[in-house]
Every structure is written in C-alpha cells, then in structure tokens.
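Asker: Here my numbering is used: the first residue of the sequence shown is 7, the next is one more, and so on.
Glycine included, each C-beta is placed from N, C-alpha and C at the ideal position.
Bear in mind the structure is a predicted one, so any value in this text is a computation, not a measurement.
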Amino acid sequence: MLKGRLGLDSAKVPHADRAGCLYLARGALTARDGTLAFLQGDTTEADALSPGDYAIPLQTVSIILLGPGSTVSHDALRLLAHARTALAAVGEDGVRLYTAPPMIPDRSGLARLQARIWADDDLRIMTARRMYALRLGEILPHSDLNVLRGIEGARMKETYALWAQRIGIEWRGRKYDRSNPNAADYPNQALNHAASAVEAAAAIAVTATATIPQLGFIHEDPGQSFVLDIADLYRDQITIPCAFKAAKQVHEHPTENIERVTRRLTGRILSDEKVIPAMIERIKALIEGRD
C-alpha cells in the first residue's frame, strides 16, 4: 500500500540517466501526490525560481541541494530515500556543505575501483601524477610523492605571485594563523574562504559519485582527503583568482565583508562554469583511468 500511495513502483532510475544537482532555497520541500513539491517563498537575486508552488521531479535528479531559509518534511525525506535521491543541506549558492545522507547508488564500481587503486602503491602514485599533470600542465617524471608535493609547492608560490600581479593586489606570501584566521591580510583571508567554498563543491561531487572521501591520492591524513584532492584540481583556475578578486574589491570598498564577498563571487563562478558537474566527470575519469 505504501508504494502505491507514494507512487514508488518505478522509482529506481539509474543515476547515470538523471540530471544531476538541483538547488532550492527559501522555501518548503514537502511530499504531495506521490512526488515532491517545493513552495518557493521570498527570493533573492541568486534564486532561480520565482515565488510559487512547484512540482519537483525527484526521480530525475541525483541530489537536491537545500539552501538557507528552507524546511523539509518527513514525508519528503521518505520519498527521497525510496527514490535514492540524496539531499544535502548547503550554504548560500552551495558553497557550504553541512550534511549529506548516503546516496546508496545503484552500483559501487567507482568506490571499488578507487579502493583498488589506492591500495596499490604503483597505481596510487600514477593517479597522483595524473592529478598533478592536470594542475601543472605536464606529466612529472618523479615517483616520490614528497618530491611531487615539493614541486607543486614551488609552482604555487609562482602562481600566487602571477595572479596577484594580474589582478593588481599586494601579495606578501601565504601566511595565516589557524587559531586566528581573521588576523591575516585580505588576500589570505579570501583564500581561506574561497578554498572552503571549492572544497564544499568537491564534497558534493564526491558524494554524488559515491566515492570514498577518506581515500585520497595526494592528501593522506584528513578524513576528507579525496575531497581535498579534487578541490586542489581547481585551485589555479577558481580558488586563487576568486580570492584575489574578492580581496581587491574589499580593499577598494572597506565596508564590505571579505567572507561574504569571497563566498558570493566563488559561488557565482561555481554555478556559471558548472564546476560541480565537471568535478563529477573528472572523478569518473580519474578512477576509470581515462584522460
């Protein structure tokens, strides 16, 4: 009776056939007539929907990103669980990830491949080299991870300096106190905020692919090592330029808040350039050994 009432007989649509992510904010997500409904309230410029009542095709998306000012009913959660559609509570523009229930995908292939590669020393270093090649534009011949990290660190110093010069801000090096991050200058504060936003996007991509966050190929100790690996792939093209542009904006308009400016700028780029879908495809390519 439950399946008939909720219309769940054909709910198990493969995630490969679904659209991906759907962002909803400032409204109520509920269940109605066997599917989801979203009552959109007052909006901001960032919202895609106008105020109104919308039917949500839960079986055609892989994950719903529920933004600020939203509520979700118990029946809606039951529908999502049966349809194997994940729900993540995120910050404005999806740049903070607060929680994400397991997606329970139809297949475990990527996770099993990832574990197999991670457990093999040769395959693991090969994957790390591929990740560095994506960032640095060349395949480094070294097979020692510490050497690769050292080369990447030196390249990053050059990248910071080049972007600072290009955007027109003063750069004194990457310096900040973890116990008091707000004591850092604007560029360093902005780098922290932009990095958090990109890491949240990477966390969503890792969740959507059901890969294993703890099994990183470059990062090792953090519980989100693979998330950090993926986020770092976008440091040069998104994190640094967004951070330095935000730092320049706040330097020119001191009354603005550096965290908010950085978060909104980074969120807009993540959305405009469809970074999360790109991350998902990149994860698949890395794990499956495709270029």
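Find out if the Cβ-Cβ distance for the pair G33, F44 is shorter than 9 Å.
Answerer: Yes.
Asker: Three Cβ pairs or more, each shorter than 8 Å: is that satisfied between the stretch 239 to 255 and the stretch 263 to 282?
Answerer: Yes, they touch.
Asker: Looking only at C-alpha atoms, which of L239, A37 and P187 sits nearest to L86?
Answerer: Ranking L239, A37 and P187 by Cα distance to L86 puts A37 first.
Asker: Could you give the uninterrupted runs of the alpha helix (DSSP H) lying entirely in the stretch 205 to 272, keeping only those of 4 residues or more?
Answerer: Listed in chain order, the complete alpha helix (DSSP H) runs (minimum 4 residues) inside the stretch 205 to 272 are 231 to 238 and 246 to 258.
Asker: Considering just the uninterrupted stretch of the alpha helix (DSSP H) at V281, what are its terminal residues?
Answerer: Unbroken alpha helix (DSSP H) run through V281: V281 to E294.
Asker: Starting from the C-beta of V96, find all residues in its chain whose C-beta is less than 8 Å away, skip the five residues before and the five after it, and write them out in chain order.
Answerer: Only Y29, L71, L72, G73, R102, L103, Y104, A206 and I210 meet the Cβ criterion.
Asker: When the Cα of E294 is compared with those of W124, L146, E144 and D81, which residue comes out closest?
Answerer: Closest option to E294, Cα to Cα, is W124.
Asker: According to DSSP, is A52 part of a helix, a strand, or is it coil?
Answerer: In this structure, A52 counts as coil in the three-state DSSP scheme.
Asker: Let me make sure I understand the geometry here. Which of R135, H80, G47 and T261 has the alpha-carbon closest to that of L239?
Answerer: Comparing Cα positions, the closest option is R135.
Asker: For L72, verify whether its CB is less than 8 Å away from any heavy atom of the ligand HEM.
Answerer: With respect to small molecules bound, the structure shown includes none, and the ligand HEM cannot be examined in it.
Asker: With a threshold of 7 Å on Cβ separation, who are the neighbours of A208 within its own chain once the five nearest residues in sequence on each side are excluded?
Answerer: Within the same chain, A208 has close Cβ partners V233, I236, A237 and M285.
Asker: Mapping DSSP to helix, strand and coil, what is R315?
Answerer: There is simply no residue 315 to check, as the chain begins at 7 and stops at 297 in what is shown.
Asker: Can you tell me whether L42 is buried or exposed, with buried defined as 16 or more other CB within 10 angstroms of its CB?
Answerer: Answer is buried; the Cβ neighbour count reaches 16.
Asker: Could you pull out every unbroken beta strand (DSSP E) segment of at least 3 residues lying fully inside the stretch 70 to 131, listed in chain order?
Answerer: Listed in chain order, the complete beta strand (DSSP E) runs (minimum 3 residues) inside the stretch 70 to 131 are 92 to 96 and 103 to 105.
Asker: For T217, collect the residues of the same chain with a Cβ closer than 8 Å to its Cβ; drop the 5 residues on either side in sequence, then sort them by chain order.
Answerer: Closer than 8 Å at the Cβ level, and outside the excluded window around T217, lie L116, A117, Q120, F232, I289 and I293.
Asker: Can you give me the C-alpha to C-alpha distance between D48 and I131, rounded to a whole angstrom?
Answerer: Rounded to the nearest angstrom, the two C-alpha atoms are 50 Å apart.
Asker: Should K181 be labelled buried (16 or more other beta-carbon atoms within 10 Å of its own) or exposed?
Answerer: Burial call: exposed.
Asker: Return the first residue and the last residue of the beta strand (DSSP E) that L28 is part of.
Answerer: Counting along the chain, the beta strand (DSSP E) containing L28 begins and ends at C27 to L30.
Asker: On the CB-based measure, 16 or more other CB atoms within 10 Å of its CB, does S202 come out buried or exposed?
Answerer: Buried is the call here.
Asker: Identify, in the order they occur along the chain, each residue of the same chain with its Cβ nearer than 6 Å to the Cβ of T77, setting aside the five sequence neighbours on each side.
Answerer: Closer than 6 Å at the Cβ level, and outside the excluded window around T77, lie A34.
Asker: What first and last residue would you give for the beta strand (DSSP E) that runs through G58?
Answerer: Run containing G58: G58 to I62, per the beta strand (DSSP E) assignment.
Asker: For A189, which residues in the same chain have their Cβ closer than 8 Å to its Cβ, ignoring the five residues on either side in sequence?
Answerer: So the list reads Y182 and D183, once near-sequence residues are dropped.
Asker: What's the call for Q46, buried or exposed, on a 16-neighbour Cβ count within 10 Å?
Answerer: Buried, since its Cβ has 16 or more Cβ neighbours within 10 Å.
Asker: Going by DSSP, name the residue or residues bridged to L45.
Answerer: In DSSP, L45 forms a bridge with A34 and D59.
Asker: Quick test of your reading: T268 and A249, contact by CB under 8 Å. State the CB separation rounded to the nearest angstrom.
Answerer: Sure, about 6 Å apart at Cβ, within 8 Å.
Asker: Taking DSSP as the reference, what is the three-state secondary structure of P193?
Answerer: In the structure shown, P193 sits in a helix (DSSP, three-state: H, G or I).
Asker: If you measure between the beta carbons of I69 and A214, is that distance less than 9 Å?
Answerer: Cβ distance < 9 Å, so I69 and A214 count as in contact.
Asker: I'd like to check one pair, Y192 with H257: are the Cβ atoms closer than 9 Å?
Answerer: Taking 9 Å as the Cβ cut-off, H257 and Y192 qualify as a contacting pair.
Asker: Buried or exposed, going by whether 16 or more other CB atoms sit within 10 Å of the CB of R5?
Answerer: With the chain covering 7 to 297 only, the question about residue 5 has no answer from this structure.
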